[in-house]
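Residue numbers (our numbering), protein chains in the order written: chain H, 1 to 132; chain Y, 133 to 376.
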């Protein structure tokens, strides 16, 4: 099975950069985006297997970014990150096609488990070539 | 079943100005605690990356054990701060709980215990949450928490004229356990209290002056006294404006 390609989307640049490095050490191919528009451009340019998407960001809403990702690339799996005030958004996101959601603060072990599950699904749907 | 509001005479009626003030504090606190959680997330991931890199360096890294110990300490304190920020964020949203939708009373107690624990410890009382049945209540969020705080402050002696004789009270050894309960179909909180310095094995049943004062204070807050012995007091505090 090829390496898992992950796009991390969060407006906290230090957080998402460090998290990307930790995932890279674990054999994943990672890219980052710090807002929804940047994330959509990244998905168009090179669709990942999994997008980890923070719901609370400036600019376009996380749920709108999710909707547009799934509309253009239905085999890309999306894991949502939510805080306390937006737990309901996480559940709404599942109805929009998100693979799952995780509450912040994030535990790396929980994220890794979800990434592997979502990645298996995406890679099976996309074929081992990794294209959507 | 709605609880009779007339028992709760301590709290004044809310005004429109109060609502605006509560919303102000709630919104600002929610925003700030969200930011605090973001900052803690950066610290946690940075410490985690350092742990990953230390692990990759192998046994030959100088001061490896010390580095591992300090990084673990950072993670523990981040978890401690994150837990407080999480519960403070929940409290910040309490003004939005208008009593229309039901919520888990146990979750409210979990949040309250996390935030009030230190204040109780400063008074020699270990505050904790006990196991109980799942109790869902529809209640305005802020009056519910205010009612809890009044009751806890009674147990700490803060509601007493002499401050509970703080000068002569032992500093440690007290315990207060909060438990969500349904009593005769009325939702509320059981408070199980061992005063600081009380000896549970003493067998003493006569109520001490302080314990009697605490019981009277609790009754003024709307609580029922279920047990009143020198070393052990139990109260039932009905939720204000609650339906189960």
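C-beta atoms are modelled at their ideal positions from N, C-alpha and C, and glycine is treated no differently.
Taking 8 Å as the cut-off, decide whether the C-beta atoms of residue i and residue j are in contact.
{"i": "residue 104/H", "j": "residue 81/H", "result": "yes"}
{"i": "residue 68/H", "j": "residue 40/H", "result": "yes"}
{"i": "residue 327/Y", "j": "residue 374/Y", "result": "no"}
{"i": "residue 73/H", "j": "residue 5/H", "result": "no"}
{"i": "residue 311/Y", "j": "residue 262/Y", "result": "yes"}
{"i": "residue 330/Y", "j": "residue 363/Y", "result": "yes"}
{"i": "residue 184/Y", "j": "residue 25/H", "result": "yes"}
{"i": "residue 247/Y", "j": "residue 284/Y", "result": "no"}
{"i": "residue 21/H", "j": "residue 174/Y", "result": "no"}
{"i": "residue 313/Y", "j": "residue 280/Y", "result": "no"}
{"i": "residue 180/Y", "j": "residue 108/H", "result": "yes"}
{"i": "residue 83/H", "j": "residue 101/H", "result": "no"}
Kindly list the residues whose CB is nearer than 7 Å to the CB of residue i, restricted to its own chain and excluding five residues on each side of it in sequence; keep chain order.
{"i": "residue 298/Y", "result": "Low confidence applies to residue 298/Y: its pLDDT is 48, below 50, so where it sits in the model is not reliable enough to give any reading."}
{"i": "residue 33/H", "result": "7, 9, 39 and 42"}
{"i": "residue 75/H", "result": "122, 125, 126 and 132"}
{"i": "residue 200/Y", "result": "186"}
{"i": "residue 350/Y", "result": "283, 286, 357 and 367"}
{"i": "residue 243/Y", "result": "219, 222 and 223"}
{"i": "residue 17/H", "result": "32"}
{"i": "residue 23/H", "result": "6 and 30"}
Measuring only the C-alpha atoms, how far is residue i from residue j?
{"i": "residue 155/Y", "j": "residue 286/Y", "result": "27 Å"}
{"i": "residue 172/Y", "j": "residue 213/Y", "result": "8 Å"}
{"i": "residue 178/Y", "j": "residue 235/Y", "result": "36 Å"}
{"i": "residue 306/Y", "j": "residue 226/Y", "result": "29 Å"}
{"i": "residue 358/Y", "j": "residue 216/Y", "result": "32 Å"}
{"i": "residue 92/H", "j": "residue 219/Y", "result": "23 Å"}
{"i": "residue 361/Y", "j": "residue 190/Y", "result": "60 Å"}
{"i": "residue 196/Y", "j": "residue 99/H", "result": "39 Å"}
{"i": "residue 254/Y", "j": "residue 342/Y", "result": "18 Å"}
{"i": "residue 159/Y", "j": "residue 31/H", "result": "33 Å"}
{"i": "residue 45/H", "j": "residue 35/H", "result": "16 Å"}
{"i": "residue 170/Y", "j": "residue 15/H", "result": "8 Å"}
{"i": "residue 111/H", "j": "residue 164/Y", "result": "25 Å"}
{"i": "residue 208/Y", "j": "residue 182/Y", "result": "15 Å"}
{"i": "residue 194/Y", "j": "residue 251/Y", "result": "42 Å"}
{"i": "residue 192/Y", "j": "residue 198/Y", "result": "13 Å"}
{"i": "residue 344/Y", "j": "residue 265/Y", "result": "29 Å"}
{"i": "residue 256/Y", "j": "residue 241/Y", "result": "20 Å"}
{"i": "residue 117/H", "j": "residue 157/Y", "result": "41 Å"}
{"i": "residue 71/H", "j": "residue 88/H", "result": "22 Å"}
{"i": "residue 64/H", "j": "residue 346/Y", "result": "55 Å"}
{"i": "residue 106/H", "j": "residue 2/H", "result": "26 Å"}
{"i": "residue 365/Y", "j": "residue 348/Y", "result": "12 Å"}
{"i": "residue 176/Y", "j": "residue 249/Y", "result": "24 Å"}
{"i": "residue 370/Y", "j": "residue 19/H", "result": "46 Å"}
{"i": "residue 167/Y", "j": "residue 206/Y", "result": "19 Å"}
{"i": "residue 152/Y", "j": "residue 304/Y", "result": "40 Å"}
{"i": "residue 202/Y", "j": "residue 233/Y", "result": "45 Å"}
{"i": "residue 47/H", "j": "residue 188/Y", "result": "31 Å"}
Who are the near neighbours of residue i in its chain, counting only those whose CB is closer than 6 Å to its CB and skipping five residues on each side?
{"i": "residue 356/Y", "result": "368"}
{"i": "residue 282/Y", "result": "353"}
{"i": "residue 119/H", "result": "4, 49 and 50"}
{"i": "residue 161/Y", "result": "224"}
{"i": "residue 273/Y", "result": "226 and 229"}
{"i": "residue 315/Y", "result": "368"}
{"i": "residue 204/Y", "result": "none"}
Apart from the five residues on each side of it in sequence, which residues of its chain come closer than 8 Å, Cβ to Cβ, to residue i?
{"i": "residue 150/Y", "result": "none"}
{"i": "residue 245/Y", "result": "259, 260, 261 and 310"}
{"i": "residue 66/H", "result": "53, 78, 80, 93, 96, 97 and 98"}
{"i": "residue 61/H", "result": "36 and 55"}
{"i": "residue 176/H", "result": "The first residue shown for chain H is 1 and the last is 132, placing residue 176/H beyond what the model contains."}
Under a CB-based cut-off of 8 Å, is residue i close to chain B?
{"i": "residue 184/Y", "result": "No chain B appears in the structure shown, which is made up of the protein chains H and Y."}
> Which parts of the stretch 219-299 of chain Y are runs of the beta strand (DSSP E), unbroken and 3 residues or longer, counting only runs that do not cross its ends?
Replying inline: 257-261
>> So, does the stretch 265-272 of chain Y touch the stretch 220-239 of chain Y, judging by three or more C-beta pairs under 8 Å?
In response: yes
>> With three or more beta-carbon pairs closer than 8 Å as the criterion, would you say the stretch 200-217 of chain Y touches the stretch 46-60 of chain H?
In response: no
>> So within the stretch 31-59 of chain H, which uninterrupted beta strand (DSSP E) runs reach at least 3 residues, ignoring any that extend past its ends?
In response: 50-54
>> Give the list of continuous alpha helix (DSSP H) stretches no shorter than 4 residues that lie fully inside the stretch 310-368 of chain Y.
In response: 341-352
> Can you list, in chain order, the stretches of the beta strand (DSSP E) that have 3 or more residues and sit fully within the stretch 83-111 of chain H?
Replying inline: 100-103
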